[in-house]
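In this text, residue positions in the sequence shown follow my numbering: the first is 755, and each later residue adds one.
See below for the structure under consideration.
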Amino acid sequence: MHDANDTNTPPAPAPSLFTWEFASDPYPAYAWLREHAPVHRTALPSGVEAWLVTRYADARQALADQRLSKNPVHHSESAHGKGKVGIPGERSANLMTHLLNIDPPDHTRLRRLVSKAFTPRRVAEFAPRVQELTDRLIDGFADRGEADLIHEFAFPLPIYAICDMLGVPPEDQDDFRDWAGMMIRHGGGPRGGVARSVKKMRTYLAELIHRKREDLGEDLISGLIRASDHGEHLTENEAAAMAFILLFAGFETTVNLIGNGTYALLRHPEQRERLQRALAEGDETLLATGVEELLRYDGPVELATWRFATQDLTIGGQRIAEGDPVLVVLAAADRDPERFAAPDTLDLSRRDNQHLGYGHGIHYCLGAPLARLEGQAALATLLRRLPDLRLNAEPEELRWRGGLIMRGLRTLPVAFTSE
Ligand code: HEM
């Protein structure tokens, strides 16, 4: 189908994937793959072999293809059975029945129920609280003239925001910060600490749900307990798994949106000045299109979560055998010149921008409205309050986290004139 599959001798050697250089800038390697091996079988760092789908059209189609299952149970031999895939400790903690791991009809039922509680309206009403949190975090370092924006800003903001929304009492939120920190630091590394953190989070959430059931409030956990669809409710276990996936799916992603987004703005002064001018004039249109463009240009989720072929099928002309794991490379698809004009250019006012940063199809990001709210509040407030924000390190000194699915900076040292 694609000419790349018809040639036997690619003009240049295939790039090495999953090295340090790749982690700091995977885009040249993805350009090569799109061109020469758009559906590419490779060994992942864990040793598991998977197909990488890199072209936009193939990626979008694969994300919506119901023959690709999210349920790893079908495929225990190929991946999960070896304990290589998924959230460490998750299986034992019985949190498997969350949205990202299941197919219809279970997925349809759970997604319908959570959508009754986690509504765009609830998110919109939360805007003042996100602004408050954003300002409070910036207050913590604004008089110091320098900061690490990952640790002091991008990291705590989403965790406090989602804890608040769920109804975790303020005095317990720092525990979540610690557990989440363990998960983000060691996501691809030592498993013991991560498994313990997941277990603690699960126990805490189960108890909280139990308590809330006795005394329902206005928070999201109470909303999840109340939600009903044709007389059906979430079980306590499903509600705990749902709260967990909201935390898990909404945390590192948003850290990376703020981190990668701020970094991209600092590397593109003309775009950043444009945005600052627009904000100073009270125009937030560029902020909205800009956050979408930052998601396309260097999004938080490099690869969509695992999918497995439930039957033999083809993607982009490439035959995939039943049971094979398939990874859709969102970061590669969103730089596809077949879909985006000048894809390697950051253009905050880009309009034709149907990027795949939030996925596509039935697993499309449930938290997109909250992520947009947080991303917009974070970037606008940083630029307004610290107008001369600048990178306080050479770009080559920055290190990217090594996990497979996510793409994000470990640290983002900045300097600015103190408030
Ligand atoms: C699903 C991206 C923030 C909750 C997804 C998927 C992507 C994604 C790509 C689909 C994964 C796949 O198909 O394999 C992002 C990005 C975010 C973000 C880039 C931030 C910028 C959030 C937030 C929440 C959230 C803040 C909730 C608080 C979810 C949930 C799913 C999901 C629950 C699973 C939906 C389903 O399977 O039906 N997200 N996400 N996300 N996201 Fe997000």
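We put the CB at the ideal spot given by N, CA and C, even for glycine.
- Task: Report the option in P1097, G1077, M919, V807 whose CA atom is closest to the CA atom of L978.
- Result: With distances taken between Cα atoms, L978 lies closest to M919.
- Item | Entirely enclosed beta strand (DSSP E) segments - the region 1043–1106, minimum 3 residues | Listed in chain order, they are 1061–1063, 1067–1069, 1072–1074, 1079–1082.
- In angstroms, rounded to a whole number, what distance separates the CA positions of A791 and R1031? Spanning the two alpha carbons is a distance of roughly 42 Å.
- Message: Between W1060 and S778, how many whole angstroms is the CB-CB distance? I'm expecting something under 8 Å.
- Response: Incorrect: roughly 24 Å between the Cβ atoms, too far for contact.
- Message: Pop quiz: G1013 and G1121 are said to be a contact at Cβ under 8 Å. What is the actual Cβ separation, rounded to whole angstroms?
- Response: With 8 Å as the limit, G1013 and G1121 do not qualify as a contact, their Cβ atoms being about 17 Å apart.
- Message: Short of 6 Å in beta carbon distance, which residues of its chain neighbour G835, apart from the five on each side in sequence? Order them along the chain.
- Response: With a pLDDT of 36 at G835, under the threshold of 50, the modelled position of this residue cannot be trusted; read the value that follows with caution. Excluding sequence positions up to five before and after G835, its CB lies less than 6 Å from no other CB in the same chain.
- Can you check whether the CB of V1083 is closer than 8 Å to the CB of E1056? In this structure, V1083 lies closer than 8 Å to E1056 by Cβ.
- Query: Going by alpha carbons, who is nearest to T1064 out of S982, D857, L1127, V884?
  - Reply: Of the residues S982, D857, L1127, V884, the one whose Cα lies closest to the Cα of T1064 is D857.
- Query: Helix, strand or coil for P718 per DSSP?
  - Reply: An answer regarding residue 718 cannot be provided, because it is not within the stretch 755 to 1173 covered by the chain.
- In terms of residue numbering, what span does the alpha helix (DSSP H) encompassing R1252 cover? With the chain running from 755 to 1173 in the structure shown, residue 1252 is simply not present.
- Message: To the nearest angstrom, how far is the alpha carbon of R865 from that of F1170?
- Response: Cα-Cα distance, rounded: 43 Å.
- What is the rounded straight-line gap between the Cα of L1163 and the Cα of F909? When rounded, the separation of the alpha-carbon atoms in L1163 and F909 is 11 Å.
- Message: Relative to the C-alpha of A949, which candidate in L1136, L959, H1022, M937 has its C-alpha closest?
- Response: With distances taken between Cα atoms, A949 lies closest to M937.
- Item | the ligand HEM heavy atom lying under 7 Å from the CB of Y1017 | No, since every heavy atom of the ligand HEM falls outside the 7 Å radius drawn around the Cβ of Y1017.
- Query: At which residues does the beta strand (DSSP E) containing P769 begin and terminate?
  - Reply: Element bounds for P769: n/a, residue is neither H nor E.
- Are any of the Cβ atoms in chain C nearer than 8 Å to that of E1150? Protein chain content of the structure displayed is limited to a single chain, and chain C is not contained in it.
- Task: Take Q1025 as the anchor and find which of A1034, L1040, G1036 has the nearest alpha-carbon.
- Result: Ranking A1034, L1040, G1036 by Cα distance to Q1025 puts L1040 first.
- Item | As assigned by DSSP and simplified to three states, the class of V807 | If DSSP states are grouped into helix, strand and coil, V807 belongs with the strands.
- Query: Between which two residues does the beta strand (DSSP E) harbouring V793 extend?
  - Reply: Unbroken beta strand (DSSP E) run through V793: 793–797.
- Hey, which unbroken runs of the alpha helix (DSSP H) at 4 residues or more fall wholly within the region 933–1006? Residue ranges of uninterrupted alpha helix (DSSP H) with 4 or more members, entirely inside the region 933–1006 and ordered along the chain, are 945–968, 974–980.
- Counting pairs of beta carbons, one from the region 1096–1110 and one from the region 791–806, are three or more of them closer than 8 Å? Proximity of the region 1096–1110 to the region 791–806 falls short of the contact definition, fewer than three beta-carbon pairs being nearer than 8 Å.
- Message: Would F907 and L887 be called neighbours here (beta carbons separated by less than 8 Å)?
- Response: Contact annotation: F907 and L887 have beta-carbon atoms that are not nearer than 8 Å.
- Does the ligand HEM have a heavy atom nearer than 7 Å to the CB of G1013? False, no ligand heavy atom lies under 7 Å from that Cβ.
- Could you check if Q1072 is buried or exposed, using at least 16 other CB atoms within 10 Å of its CB as the buried criterion? By the 10 Å Cβ count, Q1072 comes out buried.
- Item | Bounding residues of the beta strand (DSSP E) (the contiguous stretch that carries D893) | No beta strand (DSSP E) holds D893; the alpha helix (DSSP H) holding it covers 881–893.
- Task: Could you check what DSSP says for L1019 in three-state terms: helix, strand or coil?
- Result: Secondary structure of L1019 (DSSP, three-state): helix.
- With C-beta atoms as the reference, is I999 less than 8 Å away from L1110? No. Outside cutoff.
- Message: Looking at the ligand HEM, does it come within less than 7 Å of P1054, judged from the CB to the closest heavy atom?
- Response: Yes, the beta carbon of P1054 sits closer than 7 Å to at least one heavy atom of the ligand HEM.
- Message: I need the straight-line Cα distance from T862 to P1123, nearest angstrom please.
- Response: The alpha-carbon atoms of T862 and P1123 are separated by roughly 20 Å.
- Around the Cβ of Y1118, are there at least 16 other Cβ atoms within 10 angstroms (buried) or fewer (exposed)? So Y1118 counts as exposed.
- Query: Excluding sequence positions up to five away, which residues of its chain have a Cβ less than 6 Å from the Cβ of K870?
  - Reply: Around K870, the same chain offers A981 as residues with beta carbons nearer than 6 Å, after the five sequence neighbours per side are excluded.
- Item | Proximity winner among R821, T808, P782, Q815, relative to A1075 (alpha-carbon distances) | Here the closest residue by C-alpha is R821.
- Item | Host beta strand (DSSP E) of D902 (start-end) | That run of the beta strand (DSSP E) goes 900–902.
- Message: What would DSSP say about L854, mapped onto helix, strand or coil?
- Response: For L854, the three-state secondary structure derived from DSSP is helix.
- Message: Can you look up V802 in the DSSP assignment and give me helix, strand or coil?
- Response: Residue state, collapsed to three classes: coil.
- When every heavy atom of the ligand HEM is checked, does at least one fall within less than 7 Å of the C-beta of Y914? Not under cutoff, so the answer is no.
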